[in-house]
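Here the sequence shown is numbered in our numbering, starting from 941 and rising by one per residue.
The C-beta atom is built at its ideal place from N, Cα and C for all residues, glycine as well.
All remarks here apply to the structure that follows.
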Amino acid sequence: MIDVKDKVFKIYKVLEDNKASDIKILYIGDLTVVADYFIIATGNSDTHVKALTDEIEKKLMEEGILVDHIEGYNWGKWVLMDYGDVIVHIFQQIEREFYNLERLWADAKEIVLDNLV
């Protein structure tokens, strides 16, 4: 069984390796029971958002980690991947600016990878 911090790192690394931009990790565990972490990233097109989603799912599946639920994949503007304790949001820029999850979760602690909670 993989530790939640390792899961966060693996997802971050896949996003970074596949040219996602403005990747943010928010620790929300003190604010909600929904999850412990949000990972928010931006893709530059429908195709890029879908490719990022596919690559995360593939790499984590190789580690025996299955996604609980994916929403928004067919649309490709905002994909939500639910890994239980980690929720991944992959947006296109316009949708990310519109929904502004960072503002909605302003009380969350932004995590730097070498300082995971």
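Counted as a single uninterrupted DSSP element, the beta strand (DSSP E) harbouring T982 occupies residues Y977 to G983.
Less than 8 Å separates the beta-carbon of D1025 from that of D976. Under the DSSP assignment, K964 falls in the beta strand (DSSP E) whose first and last residues are S961 to Y967. Taking a cut-off of 8 Å for Cβ pairs, the region 991–1010 and the region 945–952 touch, as three or more such pairs fall below it. Per DSSP, the beta bridge partners of K1049 are Y967. Taking one beta carbon from each stretch, the region 1023–1042 and the region 972–986 have 3 or more pairs nearer than 8 Å; the two touch. Using a Cβ distance threshold of 8 Å, V1019 and V989 count as a contacting pair. Under the three-state reduction of DSSP output, I1034 falls in the helix class. Taking the CA atoms as reference points, T972 sits about 18 Å from K945.
When DSSP states are grouped into helix, strand and coil, V1019 belongs to the strand group.
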